[in-house]
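K.L.:
Heads up: take any position in the first sequence, counting from 1, add 290, and you land on this note's numbering. Note that beta-carbon positions come from the ideal geometry of N, C-alpha and C, so glycine has one too. Just dropping this structure here.
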Amino acid sequence: MPELPEVETVRRGLTATFVGGRILAAAAHRPNLRFPLPQSFAERLTGRRVLDLRRRAKYLLADLDSGETLVMHLGMSGSFRVEGEPVGEFHHPRGKPGTHDHVELAFEGGARVVYNDPRRFGFMDLIETQALERHPLFAALGVEPLGPDFHAAALASVLAGARTPLKAALLDQRRIAGLGNIYVCEALHGARLSPLRQAGGLKPAETRKLARAIVEVLQAAIEAGGSTLRDHRQTDGELGYFQHSFAVYDREGAGCGHPRCGGMIARTVQSGRSTFYCATCQR
DNA sequence: ATGTGTTCCTGTCCGC
DNA sequence: TGCGGACAGGAACACA
Numbered sequence: 291m292p293e294l295p296e297v298e299t300v301r302r303g304l305t306a307t308f309v310g311g312r313i314l315a316a317a318a319h320r321p322n323l324r325f326p327l328p329q330s331f332a333e334r335l336t337g338r339r340v341l342d343l344r345r346r347a348k349y350l351l352a353d354l355d356s357g358e359t360l361v362m363h364l365g366m367s368g369s370f371r372v373e374g375e376p377v378g379e380f381h382h383p384r385g386k387p388g389t390h391d392h393v394e395l396a397f398e399g400g401a402r403v404v405y406n407d408p409r410r411f412g413f414m415d416l417i418e419t420q421a422l423e424r425h426p427l428f429a430a431l432g433v434e435p436l437g438p439d440f441h442a443a444a445l446a447s448v449l450a451g452a453r454t455p456l457k458a459a460l461l462d463q464r465r466i467a468g469l470g471n472i473y474v475c476e477a478l479h480g481a482r483l484s485p486l487r488q489a490g491g492l493k494p495a496e497t498r499k500l501a502r503a504i505v506e507v508l509q510a511a512i513e514a515g516g517s518t519l520r521d522h523r524q525t526d527g528e529l530g531y532f533q534h535s536f537a538v539y540d541r542e543g544a545g546c547g548h549p550r551c552g553g554m555i556a557r558t559v560q561s562g563r564s565t566f567y568c569a570t571c572q573r
């Protein structure tokens with residue numbers, strides 16, 4: 291599910307509860323998500339204060355006063371919700387957790403944060419904060435598209451020489467980190483570039499258009515609370531609504547929205563995943 | 001080194 | 001209404 295805008299939306303929604311908050315109790319209702327949860331997961335969270343809640347690519351990072359960081363990835367279907375509950379208690383209506391509620395955190399003051407993930411492609415880990423950047427999960431991640439280091443030259447540099455299709459290159463988290471299937475399709479449409487183009491073959495003007503389109507679509511999506519196809523919820527349960535602004539994603543057969551184009555949105559498959567684009571104006 | 005296909009898991013939707 | 005197949009926001013992994 292969640293790409294950069296959805297994860298950023300979740301980060302903002304959890305900040306009031308997490309940052310400065312103390313975890314009074316933690317519970318894992320199963321030993322694994324996509325991967326096994328780390329040793330003594332609940333114990334290492336219990337009693338900890340959260341110093342900061344950050345995002346890197348599609349990862350949420352909660353820095354703890356123990357020197358460890360709780361790393362959270364939402365996979366395809368992960369979501370968080372915040373509920374008020376009696377302090378330190380996990381009280382379930384029928385005496386057991388809700389369907390696909392896998393991890394719960396009870397905060398001082400009564401807030402209860404629940405991680406739900408039907409497909410269980412998400413995962414959590416506890417990693418020494420000071421060693422995060424060297425950890426295999428993060429060491430190879432590419433440039434942060436909403437960060438200060440992202441501009442046309444940076445994009446040109448990570449695409450240089452790549453003979454893979456533009457679509458695949460933009461999905462590659464080692465080149466640029468945080469884009470997924472939706473926002474790659476949307477950004478390529480915004481830049482009027484074909485997803486089938488060879489990634490290393492863009493002209494400078496095309497690279498500039500693409501860099502701008504990426505930033506614009508991500509910012510607009512964050513403004514809208516992300517996109518809800520099925521699972522994504524903001525932490526208060528509200529839907530995202532950027533899906534109403536899609537130009538191409540899941541819009542096969544619809545008209546292209548670019549002025550005077552008149553083309554029709556097509557769907558094709560690239561490396562096993564749907565690509566939506568306008569073959570008339572995306573060249 | 002680089003590229004593509006398969007896999008993990010559950011749920012939903014569509015056609016018959 | 002039921003059933004099978006396709007498909008879904010990710011990304012590690014195995015292979016050509």
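#1: Can you tell me whether residue 340 is buried or exposed? The criterion is at least 16 other CB atoms within 10 Å of its CB, across all chains shown.
#2: Relative to the alpha-carbon of residue 351, which residue among 460, 440, 417 has its alpha-carbon at the smallest distance?
#3: Please report how far the alpha carbon of residue 549 lies from the alpha carbon of residue 305, in whole angstroms.
#4: Express the C-alpha separation of residue 566 and residue 364 in angstroms, rounding to a whole number.
#5: Could you tell me which residues DSSP puts in a beta bridge with residue 509?
#6: According to DSSP, what are the bridge partners of residue 343?
#7: Grab me the residues of residue 536's own chain with a C-beta within less than 8 Å of its C-beta, minus the 5 sequence neighbours each way, in chain order.
#8: State the DSSP-derived secondary structure class of residue 490, mapped to helix, strand or coil.
#9: Let's test the definition: count the other Cβ atoms within 10 Å of the Cβ of residue 311 and tell me whether it reaches 16, buried, or not, exposed.
#10: Looking only at its chain, what residues have a beta carbon closer than 6 Å to the beta carbon of residue 396, apart from the 5 residues adjacent to it on each side?
#11: Would you kindly check if the distance between the Cβ of residue 342 and the Cβ of residue 353 is under 8 Å?
#12: Would you list the residues sitting across from residue 536 in a DSSP beta bridge?
#13: Is it the case that the Cβ atoms of residue 294 and residue 468 are separated by a distance below 8 Å?
#14: Would a C-beta distance cut-off of 8 Å place residue 323 and residue 407 closer than the cut-off?
#15: Under 8 Å between the Cβ atoms of residue 490 and residue 451?
#16: Which residues in the same chain have their Cβ closer than 6 Å to the Cβ of residue 561, if we skip the five residues on either side of it in sequence?
#17: Which residues mark the beginning and the end of the alpha helix (DSSP H) in which residue 248 is found?
#18: When you compare only the Cα positions, how much space is there between residue 267 and residue 488?
#19: Specify, as a first and last residue, the run of the alpha helix (DSSP H) that residue 333 falls within.
#20: According to DSSP, is residue 389 part of a helix, a strand, or is it coil?
#21: To the nearest angstrom, how far is it from the Cα of residue 557 to the Cα of residue 570?
#22: According to DSSP, what are the bridge partners of residue 374?
#23: Determine the DSSP secondary structure at residue 566, reduced to helix, strand or coil.
#24: For residue 358, write down the residues that DSSP places opposite it in a beta bridge.
#25: Could you give the DSSP three-state label for residue 502: helix, strand or coil?
#26: Round the Cβ separation of residue 526 and residue 303 to the nearest angstrom and send it over; I've been treating them as touching at under 8 Å.
#27: Please name the residue, chosen from 528, 500, 538, that lies closest to residue 443 on a Cα-to-Cα basis.
#28: For residue 376, collect the residues of the same chain with a Cβ closer than 6 Å to its Cβ; drop the 5 residues on either side in sequence, then sort them by chain order.
#29: If you run the structure through DSSP and keep just helix, strand and coil, what is residue 292?
#30: Which of helix, strand or coil does DSSP assign to residue 303?
P.N.:
Reading it off the structure:
#1: buried
#2: 417
#3: 40 Å
#4: 24 Å
#5: According to DSSP, which records beta bridges pairwise, residue 509 is partnered with nothing at all.
#6: 352
#7: 472, 476, 517
#8: helix
#9: buried
#10: 314, 315, 378, 402
#11: yes
#12: None, per the DSSP bridge assignment.
#13: yes
#14: yes
#15: yes
#16: 458
#17: The question about residue 248 has no answer here: the residues shown for the chain are numbered 291 through 573.
#18: Outside the shown range of the chain, which is 291 to 573, sits residue 267, and nothing can be said about it.
#19: 331-335
#20: coil
#21: 13 Å
#22: 401
#23: strand
#24: 418
#25: helix
#26: 6 Å
#27: 500
#28: With a pLDDT of only 47 at residue 376, under 50, the local geometry of the prediction cannot be trusted, and the value read off the model is given with reservation. Answer for residue 376: no residue qualifies.
#29: coil
#30: helix
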